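Numbering (the working numbering), first residue to last: -5 to 268. Yeah, the Cβ is synthetic: ideal placement off N, Cα and C, and Gly gets one too. Computed from a predicted model, the values in this text were never measured in an experiment. Okay, structure first, notes after.
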């Protein structure tokens, strides 16, 4: 179990690097001061921020164990292939550079490695482990795809876990719920403008005996039971948006990327839009 891995790993010295990405913890301050005070407020905010992990490969979602270990999903750097044709007809090449990093007491270590990662040659876009949730069904990780599920076949057997929610542990990763296959068969937002089959598993949160996950490509919120069976909770519609250049409105998709639970059992879903 990843919880045992995270809480039992030997301590390693944290090496701070001049990386462009980092995980940080800061005090939350809600300000309504005039612009004249903004600079001073920003300085206060900066003083309260502490870098707790660096050198991460495209960090995405977080989970925290009961023991206070922060687990970070790293989407990785892609790899040498095989490759598939993704968004914008770009080539995304497969690698096993996705990972989960555990952070505790100012120190960090990758506790799960070798997870699927898709990246463009310049790594300007990377899809891979997007989120992690510690559930009653085990530690689950969502793996992105970002295109028509049929294109996954271009990756062959090596890409079988792409577009899925996988269960991870000391023995590696295994299929838990194949969201891409479900989207390919159902495409529940298919009646919306420009909404062909598209799957990109993203946000993940524990729920009852399983989890709830967003599919940013399919514009859906899906429940996964303890056996990985999928059932839809919400399908998000396309919204007409004013065209800044004039002319017809632009169809804006919801693109749900994050989910959490709130009071009364409601799900709060963050949207990227696009």
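Residue 246, enclosing beta strand (DSSP E) - first and last residue: 244 to 246
Taking only the alpha-carbon atoms, compute the straight-line gap between residue 18 and residue 85 and give it to the nearest angstrom. Since pLDDT at residue 18 reaches only 41, below the 50 mark, its modelled position is unreliable, and the value read off the structure follows with that caveat. So the two alpha carbons sit approximately 32 Å from each other.
Which stretch, first to last residue, makes up the beta strand (DSSP E) that contains residue 269? Given a span of -5 to 268 for the chain in the structure shown, any question on residue 269 remains unanswerable.
For residue 92, is the classification buried or exposed, using 16 other Cβ atoms within 10 angstroms of its Cβ as the cut-off for buried? buried
So, is residue 27 buried or exposed, given that buried needs 16 or more other C-beta atoms within 10 angstroms? Low confidence applies to residue 27: its pLDDT is 35, below 50, so where it sits in the model is not reliable, and the reading given next is rough at best. Per the 10 Å Cβ criterion, exposed.
Measure the C-alpha to C-alpha separation of residue 25 and residue 146 and round it to an integer number of angstroms. Interpretation of residue 25 is limited by its pLDDT of 29, a score under 50 that renders its predicted location unreliable; no figure is taken from the coordinates.
According to DSSP, residue 214 sits in a beta bridge with which residue or residues? 209, 229
Skipping 5 residues on each side, what residues in its chain have a beta carbon closer than 7 Å to that of residue 143? 157, 174, 175, 177, 178, 191, 193
Do residue 231 and residue 188 have their C-beta atoms closer together than 7 Å? no
Nearest CA to the CA of residue 90: which residue from 167, 83, 140? 167
Between the alpha carbons of residue 124 and residue 213, how many angstroms are there, rounded? 16 Å
Alpha carbon to alpha carbon, how far is residue 132 from residue 211? Give it in angstroms, no decimals. 25 Å
Name, in chain order, the residues that DSSP records as bridge partners for residue 261. 255
How many angstroms separate the CA atom of residue 22 from the CA atom of residue 51? Residue placement at residue 22 is poorly supported in this model, since its pLDDT is 26, which falls under 50; the coordinates are not used for a value here.
Helix, strand or coil for residue 24 per DSSP? Low confidence applies to residue 24: its pLDDT is 28, below 50, so where it sits in the model is not reliable, and the reading given next is rough at best. If DSSP states are grouped into helix, strand and coil, residue 24 belongs with coil.
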